[in-house]
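What follows is one structure encoded as structure tokens, with my remarks underneath.
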Amino acid sequence: MPHISTRTHLYNIIIYETDLNKRMANLYRLTLQQRHRLPPVSTGVSSGYSTSLSCVSGVSKKSDCRRFKASRRLVVGLGAAFCSQFMTMAGTLGANSLIASARQRGAVEQVLKDVQWPEQFPFKEEDFQRFDESPDSLFYETPRFVTHIDDPAIAALTKYYSEVFPPSNTPGVSILDLCSSWVSHFPPGYKQDRIVGMGMNEEELKRNPVLTEYVVQDLNLNPKLPFEDNSFDVITNVVSVDYLTKPIEVFKEMCRVLKPGGLAIVSFSNRCFWTKAISIWTSTGDADHVMIVGAYFHYAGGYEPPQAVDISPNPGRSDPMYVVYSRKASTA
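Numbering (full-length UniProt numbering), first residue to last: 1 to 332.
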């Protein structure tokens, strides 16, 4: 039997997942058209990026790994209508543009400026449904030692962290990396007395060199964080918010375990495991995602008004990267 290298095996797995996700996407889109007869979503702000349906950035872009893009599928629930209502505040941009302009970057960052939030949480239960509702523990059972955004996006996120994190080796500082993996994208050599990683795969967490401890937990089954109140100075979450099916519960817990004035940083791109991402995410675009994450902060309560930053390093030429952040209110 011929020897198959680990790289070749990983490549074959990714190609298989890509083809499978593409077939699922086409089937699901057709099913929604038949069931709901809804028109395609059009928001006032276009990010200029098509949504990738499979997170395959773990393979170098120099390889022949096929990365496909698909149009936004049809929206389920009223949450997307809420997004569309507010997208017009930043102006209309060309949906077919391949390179984001300075105006576009500014528009994304303006999405959370002076939002008049509805009194009630605007999303419905079906907005948090996923194509694949099988146990997440099965999906994440096999470790994936890959990165889910490309190198320029990683560098942009690391640079952002270096600008907002407490200095390395600051006495008493604790950081929680939520939905962590084998890499956290923290600045090189960054250390604190306590850096906790919470994720789904123990083998990945064991390989993460920045962590001082880790917890294996499925937040979709149990959003309760196993930490004392006011424990952390910073909480990070990288390209994982789109998988949370109970985001308000999780964001409330984040607020609880943050110290007063503590910083919560949620970063995301347009890359995902499409079948595991929630409906409201896969049916909307990048600017809408900023609004969605901002809504999580707002309706969880206890935070200062959330803000957005577009840190995309090479708009139109590499993976986009966005940050929505907030601090725990000092009176929370």
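Even for Gly, the Cβ is constructed at its ideal location relative to N, Cα and C.
These numbers come from a predicted model, not from an experiment.
Counting along the chain, Pro-152 sits inside the alpha helix (DSSP H) bounded by residues 151-164. Gly-197 sits close to Glu-213, with the two beta carbons spaced by under 9 Å. Residue environment for Thr-331: exposed (fewer than 16 other C-beta atoms within 10 angstroms of its C-beta). Residue Ala-264 holds the alpha-carbon nearest to the alpha-carbon of Ser-231 among Asp-310, Ala-264, Ser-279. Annotated as distal: Lys-224 and Glu-203, with beta-carbon spacing of 9 Å or more. DSSP places Ser-279 inside the alpha helix (DSSP H), whose first and last residues are 279-282.
Its Cα nearest to that of Arg-194, the residue Val-234 stands out among Tyr-160, Val-234, Cys-179. One thing to note: Tyr-322 has its Cβ within 9 Å of the Cβ of Val-108.
Between the segment 272-287 and the segment 237-244 there are three or more inter-stretch CB-CB distances shorter than 8 Å, so the stretches are counted as touching. Note that the C-beta distance between Ala-329 and Val-111 is not below 9 Å. Around the CB of Arg-317, fewer than 16 other CB atoms lie within 10 Å, so the residue is classed as exposed.
Taking the Cα positions, Asp-310 is about 10 Å away from Ala-287. With a cutoff of 9 Å on beta-carbon distance, Val-290 and Ser-267 are scored as not near each other. Here Val-164 is exposed, its C-beta having fewer than 16 other C-beta atoms within 10 Å. Val-215 places its beta carbon 9 Å or farther from that of Ser-184. About 16 Å separates the Cβ atoms of Ser-168 and Asn-208, ruling out a contact at the 8 Å cut-off.
In this structure, Val-324 lies near Pro-306, with their beta-carbon atoms less than 9 Å apart. About 11 Å separates the beta carbon of Pro-315 from that of Ala-153, a gap too long to meet the 8 Å contact definition. Just so you know, the alpha carbons of Glu-249 and Ala-300 end up roughly 7 Å apart. Beta bridge pairing from DSSP links Val-234 with Ile-175, Leu-263. Closest in alpha carbon position to Phe-251, among Ser-326, Lys-124, Ser-269, is Ser-326.
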